[in-house]
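Read in order, the letters of the sequence shown are residues 0 to 153 in numbering that gives the first Met the number 0.
Beneath this line is the structure, given in structure tokens, with notes to follow.
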Amino acid sequence: MFLKIAIGSDHHGVAIRIKIAEALHREGHDVFEYGPSIDSREAADYPDIAAEVAELVSSGAVDRGILICGTGIGMCITANKFAGVRSAPIIDELQAELSRRHNDLNILCLSGEMLSEDMIFRIIEIWIKTPFDGGRHEKRIEKIDKIEHELGIL
Numbered sequence: 000m001f002l003k004i005a006i007g008s009d010h011h012g013v014a015i016r017i018k019i020a021e022a023l024h025r026e027g028h029d030v031f032e033y034g035p036s037i038d039s040r041e042a043a044d045y046p047d048i049a050a051e052v053a054e055l056v057s058s059g060a061v062d063r064g065i066l067i068c069g070t071g072i073g074m075c076i077t078a079n080k081f082a083g084v085r086s087a088p089i090i091d092e093l094q095a096e097l098s099r100r101h102n103d104l105n106i107l108c109l110s111g112e113m114l115s116e117d118m119i120f121r122i123i124e125i126w127i128k129t130p131f132d133g134g135r136h137e138k139r140i141e142k143i144d145k146i147e148h149e150l151g152i153l
């Protein structure tokens, strides 16, 4: 299964973002990068980058997104403001798997400072390959969508 994946980072995740993008390209995925260049010396505002990626996921222009900031939390907060986005800061392999199986997570948020490079790559591999289980979980996703509609988010 090859995906269209938007990946963004602020200044805390530039180096790992570039490595992730290269690895995903090698696996055959279409990857679109957002955020500062490796040479940039200025801080980047995570809400701006998270919004770019979340808009692409929300609109269906890409299948999934990956966001990297210092903790993964700021990016997650921003991304979840967009209709149809389900993002979470993930810190281990089990969360990566369950976030896909139970929640159909479509934006993975990662810490560029608190996770090792090896852990980041293991999380991404599991998250990419794990399918959504559907079934009883589908009903819960539909409830989330209904809440978005009722609040006027969609």
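Beta carbons: idealized from backbone N, C-alpha and C, even for Gly.
Here His11 is buried: its Cβ has 16 or more other Cβ atoms, across all protein chains shown, within 10 Å. Just so you know, the alpha carbons of Phe81 and Ile89 end up roughly 19 Å apart. Sequence-distant partners of Pro35 (beyond 5 residues in either direction) whose C-beta falls short of 6 Å from its own C-beta, in its chain, are His10, Val13 and Ala43. Per DSSP, Gly73 is one residue of the alpha helix (DSSP H) stretching across Ile72 to Ala78.
For Asp117, there are no CB contacts under 8 Å within the same chain when 5 residues up- and downstream are skipped. Rounded to the nearest angstrom, the Cβ distance from Ile4 to Leu23 is 6 Å, consistent with a contact under 8 Å.
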